[in-house]
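**Student:** My questions all concern the structure below.
There are 2 protein chains.
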Amino acid sequence: MNDRRTVFKTLRDLGIRLTPQRILILDILRKGNAHMGVEEVHAKARTRFPYIDIATVYRTLHLMKKIDVVTEVAIGERLHFELTHPDRKHHHMVCTCCGKAFNLAPEYLERFGEQIHRDFSFEPDVRNFTIKGKCSLCADKFEKSDSIL
Amino acid sequence: MNDRRTVFKTLRDLGIRLTPQRILILDILRKGNAHMGVEEVHAKARTRFPYIDIATVYRTLHLMKKIDVVTEVAIGERLHFELTHPDRKHHHMVCTCCGKAFNLAPEYLERFGEQIHRDFSFEPDVRNFTIKGKCSLCADKFEKSDSIL
DNA sequence: TTAGTATATGCAATTGTTCGCAACAGAATA
DNA sequence: TATTCTGTTGCGAACAATTGCATATACTAA
Ligand SMILES: [Mn+2]
Ligand SMILES: [Mn+2]
Ligand SMILES: [Zn+2]
Ligand SMILES: [Zn+2]
Numbered sequence: 004m005n006d007r008r009t010v011f012k013t014l015r016d017l018g019i020r021l022t023p024q025r026i027l028i029l030d031i032l033r034k035g036n037a038h039m040g041v042e043e044v045h046a047k048a049r050t051r052f053p054y055i056d057i058a059t060v061y062r063t064l065h066l067m068k069k070i071d072v073v074t075e076v077a078i079g080e081r082l083h084f085e086l087t088h089p090d091r092k093h094h095h096m097v098c099t100c101c102g103k104a105f106n107l108a109p110e111y112l113e114r115f116g117e118q119i120h121r122d123f124s125f126e127p128d129v130r131n132f133t134i135k136g137k138c139s140l141c142a143d144k145f146e147k148s149d150s151i152l
Numbered sequence: 004m005n006d007r008r009t010v011f012k013t014l015r016d017l018g019i020r021l022t023p024q025r026i027l028i029l030d031i032l033r034k035g036n037a038h039m040g041v042e043e044v045h046a047k048a049r050t051r052f053p054y055i056d057i058a059t060v061y062r063t064l065h066l067m068k069k070i071d072v073v074t075e076v077a078i079g080e081r082l083h084f085e086l087t088h089p090d091r092k093h094h095h096m097v098c099t100c101c102g103k104a105f106n107l108a109p110e111y112l113e114r115f116g117e118q119i120h121r122d123f124s125f126e127p128d129v130r131n132f133t134i135k136g137k138c139s140l141c142a143d144k145f146e147k148s149d150s151i152l
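Read top to bottom, the protein sequences are chains A and B. Residue numbers for the first sequence follow the working numbering, so the first one is 4 and each next one is one higher. Residue numbers for the second sequence follow the working numbering, so the first one is 4 and each next one is one higher.
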């Protein structure tokens, strides 16, 4: 559903121009395995398009995020993005200890989101969600060597 | 429970020095109404301590966060902090439309966190949590004037 | 195909945040 | 109190991300 052709049509329908830079960035995301950093995307882009600027990469990723073609993932300190796969939608659990990211099925958030909506008329955005914490491996490690800070 | 005296003791017990800068920053947070931006804290600090550097403000806030005296709140684009009140603990719902923050009682997260822990042995950090979305007012506004982007 | 227009880009400057380091100042020791 | 030790600060530089602006380019309509 987020294949090249469909995305191109989405962009054209919204009046968003199909520049070589944008096509290239989307293709890099499609080929790369999920969760790419901006610098990573930029580096790959330069090999085929040497004058592309990092600002263009940022602008493109933010634009694609706004129209839901790309999803921002809160992994590590810096910005990471992945292509949005509407059929394989998932959220993330990120270990603040080792940095690993685990996928989380959307069902886990539905009840939570609905309750909040009922109680507060607040519409939580549960399309793209990241919960931080400690993975089982790091939790084990921590039991033994426990530093205070 | 996070009154001056108790916090000072906490710091001393951890071997963290009680510098004038740190005392000042904590006092500013205590007096200010919740959710202060870093530049706001820095500006207030300068009126009493003109040479204090913004780096010191950042370092202090991060340090206080690490020992749970201060809580980072994901409001807007920039970093915001508030004093941690263990007895009045709460999470936040932030409207991505108007930027307003609403408090959320901790009960809402407990079930969610426990289920994740049972199913994945992942220990989610539900001490400091922010869910983004749209508040009821902005949802109303949006129904009428719906811009695509 | 060719203009005409609005959008997108590269580049440089700016912003928000972090870091390295030498100077400084609490705490501990004598 | 004098001395030493170690954590902390201010400052400047680095870094990630964003923005302003003049130029270039994708699209539209002749
Ligand atoms: Mn993923
Ligand atoms: Mn609050
Ligand atoms: Zn881990
Ligand atoms: Zn709102």
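Beta carbons are placed, not taken as given, at the ideal position from N, Cα and C, and that holds for glycine. Because the structure is a prediction, the values reported are computed rather than measured.
Under the criterion of a Cβ to heavy atom distance below 6 Å, does K103 of chain A qualify as lining ligand 3?
**Tutor:** Flag set: Cβ of K103 of chain A near ligand 3.
**Student:** With DSSP collapsed to three states, give me the class of F105 of chain A.
**Tutor:** Strand at F105 of chain A.
**Student:** What residues in the stretch 94 to 113 of chain B have a beta carbon less than 9 Å from any beta carbon of chain A?
**Tutor:** Here the close residues are M96, C98, T99, F105, L107, Y111, L112.
**Student:** On the DSSP bridge assignment, give the partners of V198 of chain B in chain order.
**Tutor:** No statement about residue 198 of chain B is possible, as the shown extent of chain B runs from 4 to 152 and does not include it.
**Student:** Just the Cα atoms here: how many angstroms apart are E80 of chain B and K137 of chain B?
**Tutor:** Taking the straight line from one Cα to the other gives about 16 Å.
**Student:** What is the C-beta distance between V60 of chain A and I28 of chain A, in whole angstroms, given that I count them as a contact (C-beta under 8 Å)?
**Tutor:** Going by Cβ atoms, the distance from V60 of chain A to I28 of chain A rounds to 6 Å, so yes, they are a contact pair.
**Student:** Could you round the C-beta distance between H95 of chain A and L107 of chain A to whole angstroms and report it? I think they count as a contact, below 8 Å.
**Tutor:** Rounded, the Cβ-Cβ distance is 6 Å, consistent with contact.
**Student:** Taking 6 Å as the line, does the beta carbon of C98 of chain A fall inside it for any heavy atom of ligand 4?
**Tutor:** Outside the cutoff, so no.
**Student:** Answer yes or no: the CB of C138 of chain B versus the heavy atoms of ligand 4, is any distance below 6 Å?
**Tutor:** C138 of chain B Cβ: within cutoff of ligand 4.
**Student:** Who are the Cβ neighbours of P127 of chain B in its own chain at under 6 Å, not counting the five residues just before and after it?
**Tutor:** Within the same chain, P127 of chain B has close Cβ partners G116, I119.
**Student:** With DSSP as the reference, label T13 of chain B as helix, strand or coil.
**Tutor:** Note: T13 of chain B maps to helix in three-state DSSP.
**Student:** With I26 of chain A as the anchor, note down where its alpha helix (DSSP H) starts and where it stops.
**Tutor:** Residues 23 to 34.
**Student:** Looking at the unbroken beta strand (DSSP E) that takes in K135 of chain B, where does it start and where does it end?
**Tutor:** Counting along the chain, the beta strand (DSSP E) containing K135 of chain B begins and ends at 133 to 137.
**Student:** In chain B, which residues lie less than 9 Å from I134 of chain A when you measure between Cβ atoms?
**Tutor:** The contacting residues are F115, G116, I119, F125, P127, D128, V129, F132.
**Student:** Output needed for I134 of chain B: all residues of its chain with C-beta closer than 8 Å, excluding positions within five of it in sequence on either side, in chain order.
**Tutor:** Excluding residues within five positions, the ones whose Cβ falls inside 8 Å are H94, H95, M96, V97, L107.
**Student:** Does K12 of chain B get closer than 7 Å to chain A when you measure Cβ to Cβ?
**Tutor:** Not closer than 7 Å to any Cβ of chain A, the Cβ of K12 of chain B fails to qualify, so no.
**Student:** Roughly how many whole angstroms lie between the Cα atoms of S139 of chain B and M67 of chain A?
**Tutor:** Rounded to the nearest angstrom, the two C-alpha atoms are 26 Å apart.
**Student:** A142 of chain A CB to nearest chain B CB: under 7 Å?
**Tutor:** Interface residue, yes.
**Student:** Residues of chain A with CB under 8 Å from K92 of chain B, in chain order?
**Tutor:** Simply none; closest approach about 17 Å.
**Student:** Can you find the residues in the same chain that come closer than 8 Å, C-beta to C-beta, to S150 of chain B, ignoring five residues on each side of it along the sequence?
**Tutor:** Reliability fails at S150 of chain B, whose pLDDT of 40 lies under 50, so the model's placement of it is uncertain and the value that follows must be treated cautiously. Around S150 of chain B: no qualifying Cβ.
**Student:** Whose CA, out of B:C101, B:K92, B:N36, lies closest to the CA of V129 of chain B?
**Tutor:** Among B:C101, B:K92, B:N36, the Cα nearest to that of V129 of chain B belongs to B:K92.
**Student:** Using 7 Å as the limit for Cβ to Cβ distance, is K68 of chain B near chain A?
**Tutor:** It does not; no Cβ of chain A falls within 7 Å.
**Student:** Can you give me the C-alpha to C-alpha distance between S148 of chain B and L64 of chain A, rounded to a whole angstrom?
**Tutor:** Confidence in S148 of chain B is poor, its pLDDT being 47 and thus under 50, which makes the residue's placement too unreliable to answer from.
**Student:** Taking Cβ positions, are I55 of chain A and A48 of chain A nearer each other than 7 Å?
**Tutor:** Cβ atoms of I55 of chain A and A48 of chain A: closer than 7 Å.
**Student:** Report the start-end ranges of each alpha helix (DSSP H) in the stretch 30 to 65 of chain A that is 4 residues or longer and not cut off at the edges.
**Tutor:** Here the runs fully enclosed are 41 to 51.
**Student:** Between the alpha carbons of P23 of chain A and D30 of chain A, how many angstroms are there, rounded?
**Tutor:** Answer to the nearest angstrom: the Cα atoms are 10 Å apart.
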